[in-house]
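Visitor:
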Amino acid sequence: MNKDDFIKKVMQQLNIQDKNVAERGVQIVLSILSHRLTVEEASDVADQLPHDLKRIWNNQIWITNYFFLSGKRLKYRHKVELMSLVENEILREGLPLHAESLTKAVLHTLKDQITPGEAEDISAQLPEELRDFFKAA
């Protein structure tokens with residue numbers, strides 16, 4: 041599945057028509073997830089993505105300020121923390137999206153893109169509450 045197909049699938053799940061809004065939402069969620077995983081695991085996921093999705097997964101734009109301030113990977117442990125990160129970016133961008141619905145749609149579509157083993161590897165790196173959310177998406 042290429043980037044356009046990925047975004048169309050997310051648009052269908054969210055029942056939205058604006059491709060630019062959906063693409064920005066995908067960028068937000070994938071970037072936040074990729075920076076929660078270890079560098080090695082994020083690289084393993086990227087290896088299973090086509091080039092155009094890999095660029096989104098490896099997006100360093102907004103996360104740069106976090107790294108500059110903390111020097112650490114994202115360490116959110118609870119669903120509310122993840123939703124807060126996503127919601128903050130949605131609000132900052134002025135996107136008409138709901139954080140939880142967006143996150144579920146993107147995670148579901150990501151799991152369709154990668155192998156079940158890779159999805160399990162992602163799940164294994166998440167705390168229990170987030171693991172359950174990821175598996176249910």
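When you number the sequence shown by my numbering, it's gap-free, plus one each residue, and the end is 177. C-beta: ideal position from N, C-alpha, C; glycine also.
Taking 8 Å as the limit between beta carbons, can you name the residues of its chain near Q67, skipping five residues before and five after?
Guide: Taking the sequence shown and counting its residues from 1, the one referred to as residue 67 is at position 27. The answer, listed in chain order, is I96 and N99.
Visitor: In angstroms, rounded to a whole number, what distance separates the CA positions of K119 and S141?
Guide: To locate residue 119, count along the sequence shown from 1; it is residue 79. To locate residue 141, count along the sequence shown from 1; it is residue 101. Answer to the nearest angstrom: the Cα atoms are 13 Å apart.
Visitor: Pull up the distance between the alpha-carbon of T149 and that of E81, whole angstroms please.
Guide: In the sequence shown, counting from the first residue as 1, residue 149 sits at position 109. In the sequence shown, counting from the first residue as 1, residue 81 sits at position 41. Roughly 18 Å between the two C-alpha positions.
Visitor: Rounding to the nearest angstrom, what Cα-Cα distance links A177 and K43 in this structure?
Guide: Taking the sequence shown and counting its residues from 1, one reaches residue 177 at position 137. Taking the sequence shown and counting its residues from 1, one reaches residue 43 at position 3. The alpha-carbon atoms of A177 and K43 are separated by roughly 19 Å.
Visitor: By the three-class DSSP mapping on this structure, what secondary structure does L135 have?
Guide: Indexing the sequence shown from 1 puts residue 135 at position 95. In this structure, L135 counts as coil in the three-state DSSP scheme.
Visitor: Beta-carbon within less than 8 Å of A86's beta-carbon, same chain only, minus the 5 sequence neighbours each way: which residues are those?
Guide: Residue mapping note: residue 86 aligns to position 46 of the sequence shown, counting from 1. Closer than 8 Å at the Cβ level, and outside the excluded window around A86, lie S74, K94, W97 and N98.
Visitor: May I ask which residues mark the beginning and end of the alpha helix (DSSP H) holding R95?
Guide: Here the question's residue 95 lines up with position 55 in the sequence shown. Note, R95: alpha helix (DSSP H), H91 to W97.
Visitor: Is it the case that the Cβ atoms of I72 and V126 are separated by a distance below 8 Å?
Guide: On the sequence shown, residue 72 is found 32 positions in, with the first residue counted as 1. On the sequence shown, residue 126 is found 86 positions in, with the first residue counted as 1. It is a contact, given that the beta carbons lie within the stated cut-off.
Visitor: Along the alpha helix (DSSP H) that carries A176, what are the first and last residues, could you check?
Guide: Taking the sequence shown and counting its residues from 1, the one referred to as residue 176 is at position 136. E168 to A176 is the extent of the alpha helix (DSSP H) around A176.
Visitor: Around the C-beta of K144, are 16 or more other C-beta atoms found within 10 angstroms, so that it is buried, or is it exposed?
Guide: Taking the first residue of the sequence shown as position 1, residue 144 is located at position 104. Looking at its Cβ environment, which holds 16 or more other Cβ atoms inside 10 Å, K144 is buried.
Visitor: Hey, could you find the ends of the alpha helix (DSSP H) Q52 is sitting in?
Guide: Locating residue 52 in the sequence shown gives position 12, counting from the first residue. K43 to L54 is the extent of the alpha helix (DSSP H) around Q52.
Visitor: Spatial neighbours of Q165 within its chain, please: C-beta separation below 7 Å, excluding the five flanking residues on both sides.
Guide: Counting from 1 along the sequence shown, the entry for residue 165 is found at position 125. Excluding residues within five positions, the ones whose Cβ falls inside 7 Å are L77, T78 and E81.
Visitor: For L109, which of helix, strand or coil comes out of DSSP?
Guide: Against the sequence shown, residue 109 aligns to sequence position 69. Confidence in L109 is poor, its pLDDT being 49 and thus under 50, which makes the residue's placement too unreliable to answer from.
Visitor: According to the neighbour-count rule (16 or more other Cβ atoms, all chains shown, within 10 Å of its Cβ), is G65 buried or exposed?
Guide: For the purposes of this step, residue 65 is identified with residue 25 of the sequence shown, where counting begins at 1. So G65 ends up on the buried side.
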